[in-house]
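Asks: Residue numbers (this note's numbering): 539 to 816.
All residues carry an ideal CB built from backbone N, CA and C; glycine is no exception.
1. Taking the alpha carbon of residue 737 as the point to measure from, which residue in 698, 800, 809 and 567 has its own alpha carbon closest?
2. Using the rule of at least 16 other Cβ atoms within 10 Å of the residue's Cβ for burial, across every protein chain shown, is residue 720 buried or exposed?
3. Compute the minimum distance between the beta carbon of residue 716 and the heavy atoms of the ligand SAM, and state whether it is under 6 Å.
4. Indicate whether residue 611 and residue 674 have their beta-carbon atoms separated by less than 7 Å.
5. Could you pull the DSSP bridge partners for residue 684 from this structure?
6. Could you spell out the range, first to last residue, of the alpha helix (DSSP H) harbouring residue 690?
7. Alpha carbon to alpha carbon, what distance is there between residue 600 and residue 688?
8. Pull up the CB-CB distance for residue 663 and residue 615, whole angstroms please, since I reckon it's below 8 Å.
9. Rounding to the nearest angstrom, what Cα-Cα distance links residue 795 and residue 773 in this structure?
10. Starting from residue 664, trace the alpha helix (DSSP H) in both directions and tell me its first and last residue.
11. For the beta strand (DSSP E) holding residue 601, just list the boundary residues, first then last.
12. Could you give the distance in angstroms between the alpha-carbon of residue 592 and the alpha-carbon of residue 743?
13. Does DSSP put residue 563 in a helix, a strand or coil?
14. From which residue to which residue does the alpha helix (DSSP H) around residue 739 run?
15. Going along the chain, which residues of its own chain have a beta-carbon closer than 6 Å to the beta-carbon of residue 681, five neighbours each way excluded?
16. At what residues does the alpha helix (DSSP H) containing residue 555 begin and finish?
17. Give every residue of the same chain whose Cβ lies closer than 6 Å to the Cβ of residue 594, excluding the five residues on either side of it in the sequence, and list them in chain order.
18. To the nearest angstrom, how far is the alpha carbon of residue 683 from that of residue 801?
19. Can you tell me which of 625, 734, 597 and 751 puts its alpha carbon nearest to the alpha carbon of residue 554?
20. Excluding sequence positions up to five away, which residues of its chain have a Cβ less than 6 Å from the Cβ of residue 569?
21. Determine which residues share a DSSP beta bridge with residue 704 and list them.
22. With a 10 Å radius around its C-beta and 16 neighbouring C-beta atoms as the bar for buried, classify residue 846 as buried or exposed.
23. Can you give me the start and stop residues for the alpha helix (DSSP H) that residue 614 sits inside?
24. Is residue 778 helix, strand or coil by DSSP?
25. Tell me which residues share the same chain as residue 566 and place their Cβ nearer than 8 Å to its Cβ, disregarding the 5 neighbours each side in the sequence.
26. Rank 712, 763 and 748 by C-alpha distance to the C-alpha of residue 619 and give the top, closest one.
27. Run the CB neighbour count on residue 617, radius 10 Å, all protein chains shown included, and call it buried at 16 or more, exposed below.
28. CB-CB under 7 Å to residue 753, same chain, minus the five flanking residues each way: which ones, in chain order?
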């Protein structure tokens, strides 16, 4: 499988390129900001990349908040609180938080501190009523919050196009966050699939072919830098037993091993499955 690393800083994206792996950015930034990150990633990959795996995963993905509705203000009403909770949570665990396992009520803390922390859904609601062009972050009434791809199909389509034009390979749409409703999330994805995605799907095959042709000599050069003895050979007798098998091996009586064998045979014959489905 392709190797990825999660990134919140530009330095980590640079490191991903140096190691020939995909960069999955959890920093919420606009497409125009992403352009410099994309250029640095692919330039570094071409000039310095030495793969740590047995293949190169030349891809840069970005995360964005997401909720789509014909009425952009309704899209924000449905999605902004949950999306900003996700942003606040990332900050809590990786930047500024003091977490007491089993005691910290992160949702309550978010409700109390989100305005001062810059994850204010109210700022997003104000912005949605006064601007058409989507942005990763918005500032309104002296506070700020995350918006991203929250809006009407036309707004979301234009936002996606900007990422595409800046060279971002994949967008990860984050909507299952906080207390966002499942029904709203599914309705949002269905609307985007119907009204936004067709034009991107139509040109995807051509763009993928163009990228493959462009990257072929780059990946060949990157793989040529990989040391011949990059990792020791795997012992042909090395196995990873299923956890119950490992436990059975520690049972001196052999009863657990016999039970596992019997259970396996029942599954093969369909007896256990038919019993569970009865």
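Replies: From the atom records:
1. 698
2. exposed
3. Looking at this structure, you won't find the ligand SAM or any other ligand, since it has none at all.
4. For residue 611 and residue 674, no; Cβs fall outside 7 Å.
5. 675
6. Per DSSP, residue 690 belongs to no alpha helix (DSSP H) and is neither H nor E.
7. 15 Å
8. 7 Å
9. 25 Å
10. 659-666
11. 598-606
12. When rounded, the separation of the alpha-carbon atoms in residue 592 and residue 743 is 25 Å.
13. Taken through DSSP and simplified to helix, strand or coil, residue 563 comes out as strand.
14. 735-762
15. 653, 658 and 661
16. 548-556
17. 558, 757 and 760
18. 54 Å
19. Closest option to residue 554, Cα to Cα, is 597.
20. 700, 701 and 704
21. None, per the DSSP bridge assignment.
22. This structure cannot settle anything about residue 846, because the visible part of the chain is limited to 539 through 816.
23. 610-629
24. coil
25. The answer, listed in chain order, is 601, 602, 603, 625, 674, 675, 684 and 686.
26. 712
27. Buried, because 16 or more other Cβ atoms sit within 10 Å of the Cβ of residue 617.
28. 596
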